[in-house]
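Presented below is the structure to which this report refers.
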Ligand SMILES: [Zn+2]
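Right, here's the structure in full:
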């Protein structure tokens, strides 16, 4: 088989089969392995659309982007080559519905969950910045690493030029209401093709699944069938109703887990969802921007703390720093924070400082410091230097000392740490 930009490839194993065709593992003459999507049916214009995407190049390393189109002499059809998805990456559906084989829940920390929500926002931000749109965000094409939340967006043959007609409508739960209405031939005169603006609705739905574990529009009102076309149009097109809509409690979530998650997050996260699934359902311009999600997810990561009573993760709400632990109800005295630029990082055991706190690219964030408890006095904590260069710490009294790689400095109020490019100050 011949592939542009790559040369001859040999087909090895069948990896999967879908409505449009099959995915194979292939090997180039260099020995490099790739995934090949081979179409058995395809919409008109796909060959040219793939050429455009390949020339345009991947928006970021969070996409398994097409690298070349493939043809096979004597065979009808064509395909495209992309990088193989490493086995460490798991599907979004596994996070929400449990492991696909035994339905056991995936073991994912809050930090990974929040990183996943962050990276997905950033990936779409980079895609939209190129004038492209994804058009069909759903459980099947977002993959993530449970250990750190890194994201890979697959099936990028869905991607098109923003604002152009599309043969792809999306997946019901993730579809913007105006797309659902268009499919049912109800609504405005303008065709509502999937676009960057409808991607923003899909992103909000994905964020709600990631952070709260269920569908934002499925509750006590929508549970009654028949689940037919009329039901779809009513609950996803004409009168969608957020499960936490403040002014209408007729569609509250059916799972207490969703409510528990909702209450766990700080108010700045709930505010975004209330906009996305309030005004944003009806006004595409009111939807939450990818950059807003990304900023909020970094802030959410910064507010994570470990409860001294139940040892579970809770989130400090900057608008209500004294609120009790949402898990066990124990009082949580307003914790210490480290102010670094505009960020406020809660100082609590296991909290990490990342390269982006020190001015680095958040897409590539890696840990530079970790908060560690004192070995015997658990109310005392310190920040350990995970970098390879020394920091300089200045206590409130003005004493200056080095914090070499691997060493920790107790985080008492008033401490200033000079990280090099930035300075952090411990505040109460
Ligand atoms: Zn607690």
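In the working numbering, the protein residues as written are 1464 to 1891.
We put the CB at the ideal spot given by N, CA and C, even for glycine.
If you're wondering where the values come from, they're calculated on a predicted model, not measured in any experiment.
Compute the beta-carbon to beta-carbon distance between residue i and residue j, rounded to the nearest angstrom, for a pair I have assumed lies under 8 angstroms.
i            : j            : result
residue 1612 : residue 1575 : 4 angstroms
residue 1633 : residue 1657 : 6 angstroms
residue 1729 : residue 1669 : The Cβ separation is near 20 angstroms, so there is no contact.
residue 1598 : residue 1523 : With 8 angstroms as the limit, residue 1598 and residue 1523 do not qualify as a contact, their Cβ atoms being about 18 angstroms apart.
residue 1778 : residue 1770 : Rounded, the Cβ-Cβ distance is 11 angstroms, inconsistent with contact.
residue 1542 : residue 1502 : 6 angstroms
residue 1715 : residue 1683 : 5 angstroms
residue 1868 : residue 1858 : That belief does not hold up - the Cβ atoms of residue 1868 and residue 1858 are roughly 20 angstroms apart, past 8 angstroms.
residue 1722 : residue 1676 : Their Cβ separation, rounded to whole angstroms, is 10 angstroms, which puts residue 1722 and residue 1676 out of contact at 8 angstroms.
residue 1647 : residue 1692 : 7 angstroms
residue 1533 : residue 1466 : 4 angstroms
residue 1849 : residue 1825 : No, residue 1849 and residue 1825 are not in contact; Cβ-Cβ is about 17 angstroms, not under 8 angstroms.
residue 1833 : residue 1854 : Not really, about 13 angstroms apart at Cβ, beyond 8 angstroms.
residue 1477 : residue 1485 : 6 angstroms
residue 1660 : residue 1568 : Going by Cβ atoms, the distance from residue 1660 to residue 1568 rounds to 34 angstroms, so no, they are not a contact pair.
residue 1789 : residue 1727 : 5 angstroms
residue 1645 : residue 1535 : Not a contact, Cβ separation roughly 37 angstroms.
Residue i and residue j: beta carbons closer than 8 angstroms?
i            : j            : result
residue 1469 : residue 1531 : yes
residue 1617 : residue 1606 : yes
residue 1579 : residue 1662 : no
residue 1667 : residue 1608 : no
residue 1885 : residue 1799 : no
residue 1739 : residue 1750 : yes
residue 1664 : residue 1743 : yes
residue 1718 : residue 1704 : no
residue 1619 : residue 1516 : yes
residue 1812 : residue 1836 : yes
residue 1872 : residue 1856 : yes
residue 1906 : residue 1807 : With the chain running from 1464 to 1891 in the structure shown, residue 1906 is simply not present.
residue 1643 : residue 1695 : yes
residue 1753 : residue 1591 : yes
residue 1594 : residue 1631 : no
Can we count residue i as close to ligand 1, meaning its CB is less than 7 angstroms from some heavy atom?
i            : result
residue 1723 : no
Using a beta-carbon distance below 8 angstroms, is residue i in contact with chain C?
i            : result
residue 1688 : The structure shown contains no chain C, having only a single protein chain.
On a CA-only basis, which of the options is nearest residue i? Give me that one, please.
i            : options                   : result
residue 1641 : 1621, 1572, 1700 and 1493 : 1700
residue 1889 : 1845, 1726, 1597 and 1866 : 1845
residue 1891 : 1476, 1877, 1822 and 1669 : 1877
residue 1615 : 1631, 1593, 1581 and 1801 : 1581
residue 1759 : 1665, 1735 and 1741       : 1735
residue 1622 : 1680, 1528 and 1711       : 1528
residue 1493 : 1510, 1478, 1472 and 1728 : 1472
residue 1802 : 1796, 1795 and 1810       : 1810
residue 1761 : 1646, 1485, 1553 and 1731 : 1731
residue 1488 : 1499, 1743, 1495 and 1765 : 1499
residue 1725 : 1707, 1712, 1742 and 1713 : 1707
residue 1767 : 1755, 1754, 1544 and 1784 : 1784
residue 1894 : 1491, 1834, 1815 and 1672 : In this structure the chain extends from 1464 to 1891, so residue 1894 is not present and cannot be described.
residue 1843 : 1874, 1819 and 1865       : 1874
residue 1603 : 1560, 1797, 1865 and 1752 : 1560
residue 1636 : 1671, 1610, 1651 and 1655 : 1671
residue 1571 : 1674, 1887 and 1818       : 1674
residue 1628 : 1544, 1688, 1526 and 1512 : 1512
residue 1481 : 1491, 1505, 1495 and 1464 : 1505
residue 1792 : 1651, 1774 and 1479       : 1774
residue 1638 : 1678, 1610 and 1651       : 1678
residue 1818 : 1865, 1780 and 1882       : 1882
Between residue i and ligand 2, is there a pair consisting of the residue's CB and a ligand heavy atom that are separated by less than 7 angstroms?
i            : result
residue 1736 : Ligand 2 is absent from the structure shown, which contains only ligand 1.
Quiz item: Near ligand 1, which residues have their beta-carbon closer than 5 angstroms to a heavy atom?
Solution: 1770, 1772, 1773, 1788, 1790, 1791 and 1793
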